[in-house]
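The numbering of the sequence shown is the working numbering, which starts it at 38 and goes up by one.
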Amino acid sequence: VNGSSGRAIMAWFRENERGFAMSIRQTAVPLGGGLGALVLPSLALAFGFAAVFGLLAAASALSAFFAWRWLHEPPTAGEAHAILSDGPAPLRNIEVWRISTAIGLLCFPQVAVLTFASVFLHDFAGLGTTAISASLAAVQVGAMVMRVWSGRFTDRHGNRRQFLRLCSALSALAFVALWVLVLAVPALPASQSLLIAVLPLVLVVAGISVSAWHGVAYTELATLAGAGHVGTALSLANSFVFVGFFMVPVAIPGLLHLWSWAGVWLSAAACALVAWPIFLKRA
């Protein structure tokens with residue numbers, strides 16, 4: 038689905054529209070996840086899991102209908118907005134591999150925030166359910182807004198690589214700040230209350246900055262691959278993404294055991310920092 042929808046965007050939208058379109062596409066996952074989290078637990082409690090799976094089946098059928106109704110090739114292939122790539126196939130294109138690798142690297146700290154931020158805020162900062170929920174909601178809403186804005190902004194200015202490097206640098210800086218705060222809390226007991234109050238704010242900034250790049254990165258990757266190879270290129274990137282989704286929850290307990298939360302956030306900063314030079318264009 039991800040590769041096919043990316044190919045549709047490349048086919049139907051012009052170069053100065055694709056970032057915005059791809060960024061809107063990228064909001065679908067957190068939006069759907071948020072709606073599911075809001076509706077499905079209550080539905081399961083009230084009517085059981087049969088109702089949950091029935092609703093999911095109905096939503097899938099509705100999506101299939103929309104795809105059948107609206108998702109077609111552009112009317113005239115010769116006048117399509119997409120530009121077919123005359124370069125190498127994606128799996129032989131080093132630039133496609135570079136961007137895919139950088140996407141995967143940035144997903145490592147993003148997944149760390151999405152999966153372990155609530156544990157961190159509860160166990161380390163001692164925050165309650167309301168504060169934790171508000172922090173995580175701020176990350177998700179902020180990420181959705183930034184994804185859409187960044188797509189529109191980079192379409193207007195043609196600066197996708199610069200924006201991706203900026204996201205990498207800001208993410209690394211935010212996670213370094215989080216690392217410093219984690220070290221400072223036990224070292225400065227007199228300022229502990231202030232530092233604890235700042236922690237969720239820094240975490241929200243880190244979570245947004247490391248989640249804002251998706252639409253822009255996928256648009257840049259699709260442009261490099263060309264419209265005829267978008268599905269392959271996006272699938273390659275998604276493979277790296279799912280490696281992160283698998284490895285991060287497995288690795289973080291070990292990092293916590295060895296180096297506590299300071300090690301977790303410093304590792305997140307390192308991943309973002311390593312992604313920064315990969316987004317540089319090759320000379």
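Every residue, glycine too, gets a C-beta built ideally from N, C-alpha and C. These numbers were taken from a predicted model, which means no experiment stands behind them.
_Beta-carbon proximity of residue 268 to residue 57, cut-off 7 Å_ = no
*The alpha helix (DSSP H) enclosing residue 55, as first and last residue numbers*: 55–63
_Can you determine whether any heavy atom of the ligand COA sits closer than 6 Å to the C-beta of residue 258, and answer yes or no?_
The ligand COA is absent from the structure shown, which contains no ligand whatsoever.
*Taking the C-alpha atoms as reference points, what is the distance between residue 221 and residue 274?*
37 Å
*Buried or exposed by the 16-neighbour rule on C-beta atoms within 10 Å, applied to residue 141*: buried
*If you draw a straight line from the alpha carbon of residue 263 to that of residue 96, how long is it in whole angstroms?*
31 Å
*Segments assigned alpha helix (DSSP H), at least 4 residues, entirely inside the region 122–155*: none
*asked:* What would DSSP say about residue 159, mapped onto helix, strand or coil?
replied: helix
*Quick one: which unbroken alpha helix (DSSP H) runs of 4-plus residues sit fully inside the region 203–266? Chain order, please.*
229–246 and 251–262
_Environment of residue 91 [buried if 16+ CB atoms lie within 10 Å]_ = exposed
*Indicate whether residue 216 and residue 299 have their beta-carbon atoms separated by less than 7 Å.*
yes
*Quick one: any contact between the region 240–248 and the region 278–285, if contact means 3 or more CB pairs under 8 Å?*
no
*How about residue 127 and residue 270: do their beta carbons lie closer than 7 Å?*
yes
*Leaving out the 5 sequence neighbours to the left and right, which residues in its chain are closer than 7 Å to residue 318 when beta-carbon positions are compared?*
198
*Please classify residue 98: is it buried, with 16 or more other beta-carbons within 10 angstroms of its beta-carbon, or exposed?*
exposed
*Work out the CA separation of residue 258 and residue 131 for me, nearest whole Å.*
11 Å
*Roughly how many whole angstroms lie between the Cα atoms of residue 101 and residue 181?*
24 Å
*Between the CA atoms of residue 289 and residue 41 - distance to the nearest angstrom*: 33 Å
_Exposure label - residue 266; buried when at least 16 CB within 10 Å_ = buried
*Does DSSP put residue 286 in a helix, in a strand, or in coil?*
helix
*May I have the straight-line CA-CA distance separating residue 172 from residue 314, to the nearest angstrom?*
30 Å
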